[in-house]
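Protein chains in written order, with the numbering used here: chain D, 6 to 356; chain A, 117 to 523.
Every residue, glycine too, gets a C-beta built ideally from N, C-alpha and C.
Here's the structure we're looking at; comments come further down.
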C-alpha cells in the first residue's frame, strides 16, 4: 500500500472557465449551448432568437416566411451517401422544413482554399444543383472567397434559405403539451458513423451510407393533411438525444422515450460498440422528430411511411404529465435512466 | 446484433435478477473493478434489478481516472513543443492537469491528435520524419499489448522519432490496495473481463485466498454483470472465496500468451503513483531497459517533474469504493463534466461521469443542497462487517430500505 506521507485522496484544482474557443465548443453539446447563451444570444437578443428553433418565422406583408442559415465544414468532402454540397443544400432545406415551411430559395457562400482542385469544386457544385432540384429550391444568390492554403479545409460552404409558411400552425417547443407523442422518421446514427469511418479509416463488412436527404416532402404532407404538428426538429449535430433534451428544456416538458422503439442499423450498432459511442448522440442529416397530439399519431405515421426518407417512421415516446424538464429513456431491460446532454462531441474510449 | 443482443435480453436479465434475489439472505458489498462495467451498470440500470441487500461499489478500473496529475502535466508540456505530434486516445484530452488539459494545448497551436491505435501513431512517425511523434500510453493490462507492439515495431524498423509517455497500471496491486485500506467495505470483486483476456486469472488466486474474497472474472454486457453478481453472491452465501470465470467466452486461465510475452519483453514492472491511492509498489509498467530510447519522459527531460494533487475533490475515495459520487457535496453543482474537479467526472468510464450522465436529474439538481443520493439505498459510510453483517440487516442492525428509484 502507499506510503502514508505521499498518500493523497485528492485531485487537481479545477480549470477556470474557458477563455478560448475549443473544438468541443462546436460539438453541439453543453459547451456549445454555453457559448450561445453567454455570447451569441446576448449580442442579438430578440424574440425570434429566443424561440430556439431551427429557423425564424416572421410575417412580411401578407406572407409568413421562414428564414435560416447554416455553415458546412466537413472532412472528408466526399463520403458514402453524400458530400459537402448535398449537406449544404439538404441541411438548410431541412431547417426550413422544421419550421413547417415550403423551401423556396437558397444562397450559397463558398470559401475556397488556395490549391483546391477545380474538378472537386465542380463535383460539389453539381451535387448542390442536383439536391436543389430534388428539393425544389433555387440557389438565387451567393458569394465566393478564396483563402490562403492551410487556412481552410478545401471548401467551406454557408447556405441561407427562405421558405414560405402556408398554414396557421405555430410549430416550436413552446407548443409541446403533456400527452403529445414523439414520432421518429427513421433509423438514427448513420451519418455520424459514415463520416467517422471514412475519416479514421475504419472498415466494416458493408459500407455505412450517410442518411443525408431532404425531408421537406413528408413534413409538408403532414401539414397538408391537417396534422396538428406541435414541434419538429431535425436530428443533426448532437443527434436524437440532444434534440429531445433541447425541446424538453425549452418547453419545460418531461419527454419519455423507449430504447427498443428507436431504430439503429446493425452495422451502426456494431461501430458504436467498438468505439464506445451512443447512437442516440450521433449526427444525422435526413432524420427528424415530429411531436403531435396522440389523436393524430397514427394518421401522421401513415403519411410519413409513404415517403422513402421516412418509411420507417415510428412512435418512440411521449410527453409525460410531470413538471420535470428532462428526457428519460426506458432501457431494453425495462429500467429507466436520464438522457443528458454531452459536453461536446463523443470521444472514442480507451478500451 | 449478434453477440450483443443475446447478452441484453430482458427476460434472461429478469431471470438472473430473480436468481440473485433468491440467493441473498444478508447484505453484501461487491466492487466491480472496471469503469466499463460501472458504465454498463448505470446505462442499463442494472443496479435497479438487484435486491436491496446487494450494494455495488465502483472500483479503480478507469485508466483515465487513476492517471496522476503529474503525468497529465508531463503530457501537456511535451505536447506544447513545436517539434512534437502528440497522439492520445480521445478521453485523455479533457483530463485537467494543474494548469491545463490537452484540448487547451491544441487550442493554443499544439499538434495534438486523437488516434484509435498506437500503431496509427507509429504510422504518423513514419510519415513525418522531421517530427517527434509521442503516444500517451495510458491504460491497464488491456491496452499494454498494443502499446508494446508499437514500440516493438518502431525498434524493428529503426524508427527513431517515436516514443511513448507511459502510464500503464496493473489491476491486482490496486485490488490489494483496496483490500488493505482501513476503510475497506468490499467483500467480493467482479474482475475486469478484458484485463483477464490478456493476463488470465492465475494471479488472482493468491489474492482470493489471502483476503478470503471471492473474485469473479466478469464481462461487460448486462447479463454478464448480473451473472457475475450471482456467482459472487453464491460464493459469499456459501462462505467460499474462490476465483471463478464468468467471461469464459473470452478468458482463458493463462490469458493471451503471445501478448503477455511481448509485454514482458518491452515493459518492466515499476512502482507507480495512482490518483486517489498514492504510490503503489510494483503496480505499473515502464519501458524495459532495452527500450529506454523510446521513453518520452527521458527523451524530453521531464522524468524529474512532480506535482501535488490537492483540492476538495474526493475522487480518491470514489476510486477506492469508500464514497459514492452522490455523497460528494460538489457533485453536479461545482463539479460537472464541463468543469470537472477530478478525473472521475471526465472520462467516459469515470464513476462520477456515469452517475452524472445517467442518474442525475434536473429535479434533483434544482432541489436543496446538498444533493440527496439518487440511487443508493445505502448512504452511510459505515463499513459492514467483513463477515457480512447479520442475517437480517446491515452492520447497524437496520434493514436496508428497499431500492427507490428517482422521485
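Exercise. Of all the CB atoms in chain A, is at least one closer than 9 angstroms to the CB of residue 337(D)?
Worked result: Counting from one through the first chain, the residue named residue 337(D) turns up at place 332. True, the Cβ-Cβ gap to chain A drops below 9 angstroms.
Exercise. Does any residue of chain A bring its CB to less than 9 angstroms from the CB of residue 348(D)?
Worked result: Counting from one through the first chain, the residue named residue 348(D) turns up at place 343. At least one chain A Cβ lies under 9 angstroms of residue 348(D).
Problem set entry | Alpha-carbon to alpha-carbon, residue 260(D) and residue 99(D) | Here residue 99(D) is taken as the residue at index 94 of the first chain, counted from 1. Here residue 260(D) is taken as the residue at index 255 of the first chain, counted from 1. For the pair residue 99(D) and residue 260(D), the Cα-to-Cα distance works out to about 23 angstroms.
For this session: Report buried or exposed for residue 59(D), applying the criterion of at least 16 other Cβ atoms within 10 angstroms of its Cβ.
Result: In the first chain, residue 59(D) corresponds to position 54, counting from 1. Residue 59(D) is buried by the Cβ-count criterion.
Exercise. Between which two residues does the alpha helix (DSSP H) containing residue 156(D) stretch?
Worked result: What you label residue 156(D) is simply residue 151 of the first chain in a count that begins at 1. No alpha helix (DSSP H) holds residue 156(D); DSSP gives it neither H nor E.
For this session: Look at residue 344(A) and residue 148(A) and say whether their C-beta atoms are less than 9 angstroms apart.
Result: Within the second chain, residue 344(A) is the residue found at index 228, counting from 1. Within the second chain, residue 148(A) is the residue found at index 32, counting from 1. A distance below 9 angstroms separates the beta carbons of residue 344(A) and residue 148(A).
Exercise. Are three or more beta carbon pairs between the region 372-387 of chain A and the region 349-362 of chain A nearer than 8 angstroms?
Worked result: Short answer: they don't touch.
Problem set entry | Status (buried if at least 16 other CB within 10 Å, exposed otherwise) for residue 148(D) | As a working mapping, residue 148(D) is identified with position 143 in the first chain. Counting of Cβ neighbours within 10 angstroms places residue 148(D) among the exposed residues, the total staying below 16.
Exercise. Quick one, are the C-beta atoms of residue 329(A) and residue 304(A) less than 9 angstroms apart?
Worked result: What you label residue 329(A) is simply residue 213 of the second chain in a count that begins at 1. What you label residue 304(A) is simply residue 188 of the second chain in a count that begins at 1. Taking C-beta atoms as the reference points, residue 329(A) and residue 304(A) count as a pair closer than 9 angstroms.
Exercise. When the Cα of residue 31(D) is compared with those of 76(D), 61(D), 231(D), which residue comes out closest?
Worked result: Walking along the first chain from the start, residue 31(D) turns up at place 26. Comparing Cα positions, the closest option is 76(D).
Exercise. By Cβ distance, which residues of its chain are closer than 6 angstroms to residue 462(A), with the 5 residues on each side in sequence left out?
Worked result: Here residue 462(A) refers to the residue found at position 346 of the second chain. If we look at residue 462(A) and ignore the five residues flanking it on each side, its Cβ neighbours are 210, 211, 456.
Exercise. Taking 9 angstroms as the CB-CB limit, is residue 159(A) close to chain D?
Worked result: Position 43 of the second chain, counting from 1, holds the residue named residue 159(A). By this cut-off, residue 159(A) is an interface position.
Exercise. For residue 251(D) versus residue 57(D), is the C-beta spacing smaller than 9 angstroms?
Worked result: Taking the first residue of the first chain as position 1, residue 251(D) is located at position 246. Taking the first residue of the first chain as position 1, residue 57(D) is located at position 52. Against a cut-off of 9 angstroms, the Cβ pair of residue 57(D) and residue 251(D) comes out as a contact.
Exercise. Excluding sequence positions up to five away, which residues of its chain have a Cβ less than 8 angstroms from the Cβ of residue 289(A)?
Worked result: Numbered from its first residue, the second chain carries residue 289(A) at position 173. Non-local beta-carbon contacts of residue 289(A) in its own chain, meaning distances under 8 angstroms to residues more than five positions away in sequence, involve 396, 397, 398, 399 in chain order.
For this session: Ignore the nearest five residues each way along the sequence and tell me which others in residue 129(D)'s own chain have a CB closer than 8 angstroms to its CB.
Result: Counting from one through the first chain, the residue named residue 129(D) turns up at place 124. If the five residues before and after residue 129(D) are omitted, its C-beta is found closer than 8 angstroms to the C-beta atoms of 82, 88, 89, 90, 160, 162, all from its own chain and listed in chain order.
For this session: Measure the Cβ-Cβ separation of residue 255(D) and residue 166(D) and say whether it is below 9 angstroms.
Result: If you number the first chain from 1, residue 255(D) lands on position 250. If you number the first chain from 1, residue 166(D) lands on position 161. No. Outside cutoff.
Exercise. When we look at the beta-carbon of residue 183(D) and count the other beta-carbons within 10 Å, is it buried (16 or more) or exposed?
Worked result: Stepping through the first chain from its first residue, residue 183(D) is reached at position 178. Burial call: exposed.
Problem set entry | Other residues of its chain near residue 325(A): CB distance less than 8 angstroms, five sequence neighbours each side excluded | Numbered from its first residue, the second chain carries residue 325(A) at position 209. If the five residues before and after residue 325(A) are omitted, its C-beta is found closer than 8 angstroms to the C-beta atoms of 357, all from its own chain and listed in chain order.
For this session: Using a Cβ cut-off of 7 angstroms, pull out every chain A residue sitting near residue 210(D), in sequence order please.
Result: Locating residue 210(D) in the first chain gives position 205, counting from the first residue. Residues of chain A passing the Cβ test: none, with the nearest at roughly 12 angstroms.
For this session: Please decide whether residue 194(A) counts as near chain D, where near means a Cβ-Cβ distance under 9 angstroms.
Result: Within the second chain, residue 194(A) is the residue found at index 78, counting from 1. No, no contact with chain D.
Exercise. From the beta carbon of residue 28(D), is the nearest beta carbon of chain A less than 9 angstroms away?
Worked result: Position 23 of the first chain holds residue 28(D). True, the Cβ-Cβ gap to chain A drops below 9 angstroms.
Exercise. Which class does residue 455(A) belong to by DSSP, given the choice of helix, strand or coil?
Worked result: Walking along the second chain from the start, residue 455(A) turns up at place 339. Looking at residue 455(A) - three-state DSSP - the assignment turns out to be coil, as it is neither helix nor strand.
Exercise. Going along chain D in order, which residues have a C-beta closer than 9 angstroms to the C-beta of residue 165(A)?
Worked result: Position 49 of the second chain holds residue 165(A). By Cβ distance, chain D contributes 338, 339, 340.
Exercise. How far does the alpha helix (DSSP H) with residue 301(D) in it reach, from first residue to last?
Worked result: As a position in the first chain, residue 301(D) is number 296, starting the count at 1. Looking at the DSSP string, residue 301(D) is not in any alpha helix (DSSP H), and its letter there is neither H nor E.
Exercise. Would a C-beta distance cut-off of 9 angstroms place residue 202(A) and residue 227(A) closer than the cut-off?
Worked result: Here residue 202(A) corresponds to residue number 86 of the second chain, with the count starting at 1. Here residue 227(A) corresponds to residue number 111 of the second chain, with the count starting at 1. Judged by beta-carbon spacing, residue 227(A) lies within the 9 angstroms limit of residue 202(A), meaning their Cβ atoms are closer than that value.
Problem set entry | Sequence-distant residues of its chain with Cβ nearer than 7 angstroms to residue 292(A) (five each side left out) | On the second chain, residue 292(A) is found 176 positions in, with the first residue counted as 1. Cβ within range, chain order: 323.
Exercise. Between residue 207(D) and chain A, is there a C-beta pair that is closer than 9 angstroms?
Worked result: Taking the first residue of the first chain as 1, we reach residue 207(D) at position 202. Residue 207(D) belongs to the set of residues whose beta carbon lies under 9 angstroms from a beta carbon in chain A.
Problem set entry | Short CB-CB distance (under 9 angstroms) between residue 129(A) and chain D | Translated into the one-based positions of the second chain, residue 129(A) becomes position 13. Output row for residue 129(A): interface = yes.
For this session: Note down, in chain order, each residue of its chain lying with its Cβ closer than 6 angstroms to the Cβ of residue 385(A), except the 5 sequence neighbours on either side.
Result: Here residue 385(A) is taken as the residue at index 269 of the second chain, counted from 1. For residue 385(A), where only same-chain residues beyond five positions count, the Cβ hits under 6 angstroms are 398.
Problem set entry | Every unbroken alpha helix (DSSP H) inside the region 73-109 of chain D [4 residues or more] | Here the runs fully enclosed are 89-102.
For this session: Compute the beta-carbon to beta-carbon distance between residue 123(D) and residue 193(D), rounded to the nearest angstrom, for a pair I have assumed lies under 8 angstroms.
Result: Working through the first chain from its first residue, we reach residue 123(D) at position 118. Working through the first chain from its first residue, we reach residue 193(D) at position 188. Actually they are not in contact, since the Cβ atoms of residue 123(D) and residue 193(D) sit about 36 angstroms apart, beyond 8 angstroms.
For this session: Give a yes or no on whether the minimum CB-CB distance between residue 117(A) and chain D is below 9 angstroms.
Result: By one-based count along the second chain, residue 117(A) stands at place 1. At least one C-beta of chain D is nearer than 9 angstroms to the C-beta of residue 117(A).
Problem set entry | For residue 227(D): DSSP bridge partner residues | Counting from one through the first chain, the residue named residue 227(D) turns up at place 222. Looking at the DSSP assignment, residue 227(D) forms no beta bridge with any residue, so it has no partner.
Exercise. What is the residue span of the beta strand (DSSP E) that residue 346(D) lies within?
Worked result: As a working mapping, residue 346(D) is identified with position 341 in the first chain. Looking at the DSSP string, residue 346(D) is not in any beta strand (DSSP E), and its letter there is neither H nor E.
For this session: Just tell me which of 332(A), 272(A), 369(A) has its CA closest to the CA of residue 314(A).
Result: For the purposes of this step, residue 314(A) is identified with residue 198 of the second chain, where counting begins at 1. Scanning 332(A), 272(A), 369(A) for the CA closest to the CA of residue 314(A) turns up 369(A).
Problem set entry | Close beta carbons around residue 214(D), own chain, < 7 angstroms, minus the five adjacent residues each side | Numbered from 1 along the first chain, position 209 holds the residue referred to as residue 214(D). Here residue 214(D) has 85, 86, 195, 199 as same chain residues with Cβ atoms under 7 angstroms from its own Cβ, once five neighbours each way along the sequence are excluded.
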